[in-house]
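Trainee: Line by line, the protein sequences give chains A and B.
Each residue of the first sequence is one higher than the one before, counting from 374 in this note's numbering.
Each residue of the second sequence is one higher than the one before, counting from 2 in this note's numbering.
A virtual CB, placed ideally from N, CA and C, is assigned to each residue, including glycine.
As the structure is a prediction and not an experimental result, all values here were calculated from the model.
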Amino acid sequence: MSEPVSMGDVVDGARLLALGLRPKLIPSRDLIYADLVKRAVEDDTFRELTEAIAEGLGLTLLAVSARTGVVLGPTEDSVFEQKFDDYARRSMTGERRDLERVLHGIAHLAIAALAFPRPDDLANDTYVGRVSVEQADTAVREACMMLATRATAAEEAGDPLDDAPELEHVWRLYSRRPETTLTKDGRVAPSTTRGVIGKALRFLMDQGFLVKMSDVDGDTYRTTPRYQVQVRELAAGRAFAELLALGVVTVTDPSGSLRTVSPTASSTADGSASDA
Amino acid sequence: MRKVASFGYSTFASNVSGTRYRQYMTFADGSSVITLHDEGLARRLKALACTAPLHDLDARKVRLDWCDANAYQMAEIALQAIDQVTIAMDFDRGADHEDVVKRLLPFVEAQAPGRDGAEHVRVARWVLDNLINVGSTDRGFRALYGTFGATGEYQRRVWDFRLLVELVSPEGEIYLRASDEAINVLVGALDTDVESAQIAAEVKLENLIKRGRLSDAQLAAQQARYRTVQYAETLRRKLEATRRDVRSVDWEREVPDLIDEALTHIADRYRCENAILTNITETRDEAEDPVRKRRAAELVEIVSDCIRRHTQLQARLQEAGRTFRFEQDRQQFSGHAQRATVDLFGHLLVPVLGLAVAQATLPVAAFFGAAAGLTQPRLPRLTRLVDQLLTPPQDRDHLLDEVPEPELAPLPDPEVFSDDQWQQAWEFLDLTEVPRRLSGLLADARLLDPDLPWLVALLALHAISPEIGVAVRQGGDQVLLAVDDGTPLDDPEFGGSDLLVGVARLGAAESSGFSAEDALRGEAVA
C-alpha cells in the first residue's frame with residue numbers, strides 16, 4: 374500500500390460492505406453507495422482494505438462494479454451464510470427430511486441452470502436470464518426423462534430397493550413427485566415440484582437476485598447482475614468441487630448441454646453427464 | 002434324499018425392471034432346473050399392481066359413513082373415470098376435476114337411481130380423489146415386488162406409479178391426464194408400437210364391420226380411439242420439446258422427418274377412417290333393429306371423434322413448424338465462449354440428478370449456501386423486543402401445507418380394572434399347589450380391594466372353558482381351569498356354583514398322544 378490507512382478509510386470500507394449486505398440496493402439509487410463503489414473500483418488500496426475487512430467478517434468480496442454494486446459471498450460457516458436446513462425445513466411431518474432437502478436444492482440448481490442455459494450466458498456480463506416455474510420444472514423433468522431413458526438403455530437395476538431408500542436416484546425422486554396438485558382451497562400445494570421451485574424463486578427475489586417481470590409474462594423472473602456473479606464466482610465452483618469430491622466428472626460440449634429429448638429418440642448420447 | 006441347490010445365472014432377455022439375467026436353480030444331481038425369475042415376472046407384477054387401487058376402492062367402500070356404498074360398484078366407476086379422462090385428453094390439456102365428475106354422474110346415477118344427486122356427486126368425487134390418491138405427498142401408489150440381485154439374493158424393490166396425474170396448463174388451471182400405466186390397465190397390452198397397433202385395430206375394425214358384428218366393431222373402434230389418443234400424446238411431448246428448445250434440436254433432419262411421418266400417418270388414417278365412416282353410416286341408416294341402429298350410431302360418433310383428433314393433430318403439426326422458425330428468429334445468438342465457466346445444466350444439474358439421494362445432499366447444500374446470498378444476523382434490541390413480541394404473526398400462506406383431513410376412530414373403551422388389580426388377581430389365581438373354592442378366593446380378594454372380587458369372579462368364569470388350543474400354540478405349559486362340582490356359592494355379592502379353581506398343566510398331550518382336555522381333567526379332578 375502506498376499511503377497509510379486512515380481510520381476514515383476503514384469506516385468507508387466497512388460502510389461499503391454494509392451497503393452490499395442490503396440485497397436490493399444498487400449504486401445507481403444511492404449516491405454514497407455509488408461514490409464508494411467508484412472508489413473501490415479505481416483505488417486498489419481501498420479495495421484491498423475492503424476485502425480485508427470482509428474476510429475478517431466471514432465474507433468474500435466477489436465483485437464490485439457500478440452495475441452490480443458490492444457482491445458478497447459467505448465463507449464457510451460464516452454467520453452470514455444461509456442455513457439450508459432452515460430454508461428446507463417443512464411443517465409437514467412424516468415426510469423424510471433428506472428427500473425434501475434434495476428437492477429444494479435441485480430447485481435452486483434448476484433455476485440457475487435455466488437462467489443461464491449456456492456457459493456463455495453465465496460468462497457474459499450483459500446477459501439477462503429469464504426463468505419461470507414452468508420452464509425450470511419442465512427442464513428438470515426432461516433431464517429426469519433423459520436419465521431414465523439412459524438407465525433403461527444401460528439396463529441398470531430398475532426400481533429402488535425397499536430397504537435402502539437413500540440409494541434411490543434423485544431423478545426418480547423428482548419425477549415421482551407430482552408437478553402440481555389441487556388443494557381444497559385452490560392453492561398450489563407446496564410439496565409439489567412447482568411449489569418447491571416457486572418457493573425458491575420467491576426466495577431469490579427477496580434476496581435481490583431475481584426481479585419479477587410484468588404480469589403479462591405470468592410468473593417469469595429475470596436475473597439481476599448480482600445473481601450472475603454469485604452463481605458464476607461462487608456457487609457453481611463450490612457445487613462442482615463437491616461433485617469432484619464424489620468422483621463425478623462430467624465432460625460437455627462448450628456450447629452447453631441444455632437439450633430437450635424427445636421420448637422415443639434413443640440417440641441422445643450427447644455425453645452431457647456420466648454417472649459416478 | 003436331500004438335494005443340494007446351487008444358484009447360477011446367465012444373460013437372457015431383459016425385463017421391465019432392467020434386470021437382465023434369468024435366475025435359475027439347479028439341483029446338484031442335475032435332475033431339474035427351476036426357473037425362479039423369468040423376465041416377464043416383474044412386468045406382470047407391475048401390471049397386477051396397477052389394478053390394486055381399483056380393487057381397493059370396493060374393499061374400502063363399506064367404511065364410508067356418509068352413504069350405504071353397497072349399491073355402487075366403485076371399481077366400475079373408477080374405470081369409467083379413467084375412460085373419461087383418457088377420452089378428454091387432447092393436445093393442450095385433459096379434463097378438469099369438475100368436468101370428470103360431471104361426466105361420471107350419469108353412470109353413478111344409473112347404479113343407484115333412488116339416491117339423491119348430492120350423494121352421487123360425492124361418490125364420483127370420492128372415486129376420483131382416490132384415483133389421484135389425494136392425501137399422499139406423491140399423489141401416487143406404491144407397489145413392492147421382488148427381483149434377484151447379481152449374486153442371486155432376493156431383493157425387494159418399490160415401484161411407484163400413478164393412475165391419474167394432475168398437471169397445470171399454461172393458463173394455470175389444473176387438469177387431469179391418465180398416466181401411461183392407467184391407459185395400459187384400461188386397454189391392456191399397449192406396450193407395443195403405437196402405429197402398428199393402430200393399423201391392426203383398424204384392419205380389425207374394417208373386417209368386423211364388413212361381417213356386420215357391430216358390438217365387436219364398437220369395442221375395436223374404442224380401442225382405436227385410445228390408441229389415437231396415445232399416439233397424439235407421444236407426439237405432443239415431442240412437439241412440446243421441439244417448441245421450447247431451439248438451439249439443440251436437429252432442425253435439419255430429425256424434426257422435419259418427424260413432422261413428415263406424422264403427416265403421412267394422419268393422411269392414411271384420415272382416408273381409412275372416412276371409408277369406415279361411410280360404411281357404418283350406411284349400416285346405421287339401413288339398420289332395422291333399434292339396438293343395431295344405436296350401435297352403429299355410436300360407432301359413427303367414435304370414428305368422427307377420431308377424425309376430429311387427427312385434424313387437431315395436423316393443425317398442431319403445422320403450427321409447430323411455424324413456432325420453431327419464430328423461436329429461431331427470436332433467439333439471439335451470442336458469440337463464442339468468453340471465459341471458461343461451468344455449464345450449470347450439464348456439469349451440475351444432470352450429474353446431481355443422477356446421484357443417489359444420500360450423496361446428492363452435499364452438492365446441493367454447497368450450491369444453495371453459495372447461491373442463496375447472505376442472511377443478516379439479527380441482534381435483539383430491548384427497545385424493539387416488546388414491539389416484536391406484540392406483533393401478530395405474519396400470514397405465511399405459501400409456506401403452509403394443506404390441512405389433512407384426519408380419519409377419526411372412536412376411542413377404545415377405558416380399562417375397567419387397573420394394572421395393579423390385574424396383578425393381584427393373578428396372584429390369587431396362581432394355584433399351582435392345590436385347587437381352591439371360588440368362595441374362599443372371593444372373600445380373600447374382598448379384603449384387599451372391594452373391586453377385586455369382580456375381576457376374580459370373571460377370570461374364574463372364563464376358566465370354565467379355557468382356550469387350550471391357543472395356550473398350546475403359544476407355548477404355554479399351564480392353564481387356569483374351573484370345574485363345577487355342584488356346590489352352591491355362598492357369597493354376599495355373587496351367586497351360582499362354588500367353582501373349584503385350579504391350574505392344569507399342559508404338555509402331556511404333546512408327548513403321550515392324549516388329548517389336552519383329558520390330561521387336564523385328570524389333573525384338575527385329582
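Pull up the CB-CB distance for Leu607(A) and Arg158(B), whole angstroms please, since I reckon it's below 8 Å.
Mentor: To locate residue 607(A), count along the first sequence from 1; it is residue 234. To locate residue 158(B), count along the second sequence from 1; it is residue 157. At roughly 40 Å, the Cβ-Cβ gap does not stay under 8 Å, so Leu607(A) and Arg158(B) are not in contact.
Trainee: Can you have a look at Gln601(A) and say buried or exposed, based on whether 16 or more other CB atoms are within 10 angstroms of its CB?
Mentor: In the first sequence, the residue the question calls residue 601(A) occupies position 228. By the neighbour-count rule (16 or more Cβ atoms within 10 Å), Gln601(A) is buried.
Trainee: Taking the continuous alpha helix (DSSP H) assigned at Gly370(B), which residues delimit it?
Mentor: Taking the first residue of the second sequence as position 1, residue 370(B) is located at position 369. Val358 to Ala372 is the span of the alpha helix (DSSP H), which, as asked, contains Gly370(B).
Trainee: Should Ala461(B) and Ala446(B) be called a contact, given that it needs their Cβ atoms to be closer than 7 Å?
Mentor: Position 460 of the second sequence, counted from the first residue, corresponds to residue 461(B). Position 445 of the second sequence, counted from the first residue, corresponds to residue 446(B). No, they are not a contact pair.
Trainee: Give the secondary structure of Phe576(A) by DSSP, where H, G and I count as helix, E and B as strand, and everything else as coil.
Mentor: Here residue 576(A) refers to the residue found at position 203 of the first sequence. Helix.
Trainee: On a CA-only basis, which of Ala524(A), Ala527(A), Arg523(A) and Tyr547(A) is nearest Asp161(B)? Give me that one, please.
Mentor: Position 160 of the second sequence, counted from the start, is the residue given in the question as residue 161(B). Selected option, being the one with the closest Cα: Tyr547(A).
Trainee: Quick one, which of Phe576(A), Tyr406(A) and Val410(A) has its alpha-carbon nearest Asp459(A)'s?
Mentor: On the first sequence, residue 459(A) is found 86 positions in, with the first residue counted as 1. The option with the nearest alpha carbon to Asp459(A) is Phe576(A).
Trainee: Just to confirm the assignment, what range does the beta strand (DSSP E) spanning Lys411(A) have?
Mentor: As a working mapping, residue 411(A) is identified with position 38 in the first sequence. Taken as a continuous stretch (DSSP letters only), Lys411(A) belongs to no beta strand (DSSP E), being part of the alpha helix (DSSP H) at Leu404 to Glu415.
Trainee: Quick check: the Cα distance between Lys456(A) and Ala609(A), rounded to an integer number of angstroms?
Mentor: As a working note, residue 456(A) is residue 83 in the first sequence. As a working note, residue 609(A) is residue 236 in the first sequence. If you take the alpha carbons of Lys456(A) and Ala609(A), they lie about 18 Å apart.
Trainee: If the cut is a Cβ gap below 7 Å, which residues of chain A does Gln315(B) touch?
Mentor: Position 314 of the second sequence, counted from the first residue, corresponds to residue 315(B). The contacting residues do not exist; Gln315(B) stays about 19 Å from chain A at best.
Trainee: Have a look at Ala179(B) and Arg163(B) and give me their C-alpha separation to the nearest angstrom.
Mentor: For the purposes of this step, residue 179(B) is taken as the residue at position 178 of the second sequence. For the purposes of this step, residue 163(B) is taken as the residue at position 162 of the second sequence. Each residue's alpha carbon lies about 8 Å from the other.
Trainee: Could you have a look at Phe419(A) and say whether DSSP puts it in helix, strand or coil?
Mentor: As a working mapping, residue 419(A) is identified with position 46 in the first sequence. Note: Phe419(A) maps to helix in three-state DSSP.
Trainee: Rounded to whole angstroms, what is the Cα-Cα separation between Val569(A) and Asp471(A)?
Mentor: Residue mapping note: residue 569(A) aligns to position 196 of the first sequence, counting from 1. Residue mapping note: residue 471(A) aligns to position 98 of the first sequence, counting from 1. If I take the Cα positions, the gap works out to 14 Å.
Trainee: Kindly say whether Glu428(A), judged by its beta-carbon, lies nearer than 7 Å to any beta-carbon of chain B.
Mentor: Taking the first residue of the first sequence as position 1, residue 428(A) is located at position 55. Not an interface residue.
Trainee: Note the first and the last residue of the continuous beta strand (DSSP E) segment covering Gly118(B).
Mentor: Looking up residue 118(B) in the second sequence gives position 117. Taken as a continuous stretch (DSSP letters only), Gly118(B) belongs to no beta strand (DSSP E), being part of the alpha helix (DSSP H) at Gly118 to Ile133.
Trainee: Can you find the residues in the same chain that come closer than 6 Å, C-beta to C-beta, to Gly147(B), ignoring five residues on each side of it along the sequence?
Mentor: Here residue 147(B) corresponds to residue number 146 of the second sequence, with the count starting at 1. Tyr155 and Arg157.
Trainee: In whole angstroms, what separates the C-alpha of Thr418(A) from that of Pro377(A)?
Mentor: For the purposes of this step, residue 418(A) is taken as residue 45 along the first sequence, with counting starting at 1. For the purposes of this step, residue 377(A) is taken as residue 4 along the first sequence, with counting starting at 1. Roughly 10 Å between the two C-alpha positions.
Trainee: Give the C-beta separation of Val475(A) and Val365(B) to the nearest angstrom, bearing in mind that I take them to be a contact with Cβ-Cβ under 8 Å.
Mentor: In the first sequence, the residue the question calls residue 475(A) occupies position 102. In the second sequence, the residue the question calls residue 365(B) occupies position 364. Correct: roughly 6 Å between the Cβ atoms.
Trainee: When DSSP labels each residue in this structure, what does Thr596(A) get in the three-state scheme?
Mentor: Here residue 596(A) refers to the residue found at position 223 when the first sequence is read from its first residue. Thr596(A): strand per DSSP, three-state reduction.
Trainee: Check whether the Cβ of Ala359(B) lies closer than 7 Å to any Cβ atom in chain A.
Mentor: Mapped onto the second sequence, residue 359(B) falls at position 358. Taking Cβ atoms only, chain A reaches closer than 7 Å to Ala359(B), which makes this a yes.
Trainee: Please say whether Ala512(A) and Val604(A) have beta carbons closer to each other than 7 Å?
Mentor: Taking the first sequence and counting its residues from 1, one reaches residue 604(A) at position 231. Taking the first sequence and counting its residues from 1, one reaches residue 512(A) at position 139. Result no, Cβ atoms of Val604(A) and Ala512(A) do not sit closer than 7 Å.
Trainee: Inspect the beta-carbon positions of Ala509(A) and Ala527(A) and report whether they are closer than 7 Å.
Mentor: Taking the first sequence and counting its residues from 1, the one referred to as residue 509(A) is at position 136. Taking the first sequence and counting its residues from 1, the one referred to as residue 527(A) is at position 154. The answer is no: Cβ separation not under 7 Å.
Trainee: Among Ile303(B), Ala367(B), Asp181(B) and Asn275(B), which residue has its Cα nearest to the Cα of Ala614(A)?
Mentor: By one-based count along the first sequence, residue 614(A) stands at place 241. Residue Ala367(B) is the option with its Cα nearest to Ala614(A).
Trainee: So, using beta-carbon positions, are Pro400(A) and Ala427(A) closer together than 7 Å?
Mentor: Looking up residue 400(A) in the first sequence gives position 27. Looking up residue 427(A) in the first sequence gives position 54. Against a cut-off of 7 Å, the Cβ pair of Ala427(A) and Pro400(A) comes out as no contact.
Trainee: Is Asp420(B) helix, strand or coil when you go by DSSP?
Mentor: Within the second sequence, the letter at position 419 stands for residue 420(B). Asp420(B) falls in the helix class under three-state DSSP.
Trainee: Relative to the C-alpha of Ser458(B), which candidate in Leu490(B), Thr392(B) and Gly477(B) has its C-alpha closest?
Mentor: Residue numbering aside, residue 458(B) sits at position 457 when the second sequence is read from its first letter. In the sequence as presented, Ser is not what sits at residue 458(B); that position holds Ala. Ala458(B) has its Cα closest to that of Leu490(B), out of Leu490(B), Thr392(B) and Gly477(B).
Trainee: Measure the CB-CB distance between Leu398(A) and Leu404(A) and report whether it falls below 7 Å.
Mentor: In the first sequence, the residue the question calls residue 398(A) occupies position 25. In the first sequence, the residue the question calls residue 404(A) occupies position 31. In this structure, Leu404(A) does not lie closer than 7 Å to Leu398(A) by Cβ.
Trainee: Compute the Euclidean distance between the alpha carbons of Glu182(B) and Gly477(B), then round it to the nearest angstrom.
Mentor: Position 181 of the second sequence, counted from the start, is the residue given in the question as residue 182(B). Position 476 of the second sequence, counted from the start, is the residue given in the question as residue 477(B). Distance between the alpha carbons of Glu182(B) and Gly477(B) is about 51 Å.
Trainee: Beta-carbon within less than 7 Å of Gly189(B)'s beta-carbon, same chain only, minus the 5 sequence neighbours each way: which residues are those?
Mentor: Here the question's residue 189(B) lines up with position 188 in the second sequence. Any reading at Gly189(B) must be qualified, since the residue scores a pLDDT of 49, below 50, and its modelled position is unreliable; the value itself is stated next. Correct list: empty, nothing qualifies.
Trainee: Taking all protein chains shown into account, decide if His56(B) is buried (16 or more other Cβ within 10 angstroms of its Cβ) or exposed.
Mentor: As a first step, residue 56(B) is located in the second sequence; it is residue number 55 there, counting from the start. Result: exposed.
Trainee: Compute the Euclidean distance between the alpha carbons of Glu289(B) and Ala297(B), then round it to the nearest angstrom.
Mentor: The residue labelled residue 289(B) in the question sits at position 288 within the second sequence. The residue labelled residue 297(B) in the question sits at position 296 within the second sequence. Taking the straight line joining both Cα atoms gives about 11 Å.
Trainee: Just checking my contact of Leu434(A) with Leu445(A) at CB under 8 Å: how many whole Å lie between their CB atoms?
Mentor: By 1-based counting over the first sequence, the position of residue 434(A) is 61. By 1-based counting over the first sequence, the position of residue 445(A) is 72. That pair is a contact at about 6 Å.
Trainee: Go to Leu161(B), then tell me how far its alpha helix (DSSP H) extends in each direction, as first and last residue.
Mentor: Counting from 1 along the second sequence, the entry for residue 161(B) is found at position 160. It is Asp, not Leu, that sits at residue 161(B) in the sequence shown. Taken as a continuous stretch (DSSP letters only), Asp161(B) belongs to no alpha helix (DSSP H), being part of the beta strand (DSSP E) at Tyr155 to Phe162.
Trainee: Quick check on the burial criterion: 16 or more other C-beta atoms within 10 angstroms. Buried or exposed for Leu386(B)?
Mentor: In the second sequence, residue 386(B) corresponds to position 385, counting from 1. It counts as exposed.
Trainee: Measuring CA to CA, which of Gly115(B), Leu80(B), Ile88(B) and Leu49(B) is closest to Ala72(B)?
Mentor: Residue mapping note: residue 72(B) aligns to position 71 of the second sequence, counting from 1. Considering only alpha carbons, the answer is Gly115(B).
Trainee: In chain B, which residues lie less than 8 Å from Gly502(A) when you measure between Cβ atoms?
Mentor: Here residue 502(A) is taken as the residue at index 129 of the first sequence, counted from 1. Under the 8 Å cutoff, chain B gives no residues; its nearest Cβ is about 10 Å from Gly502(A).
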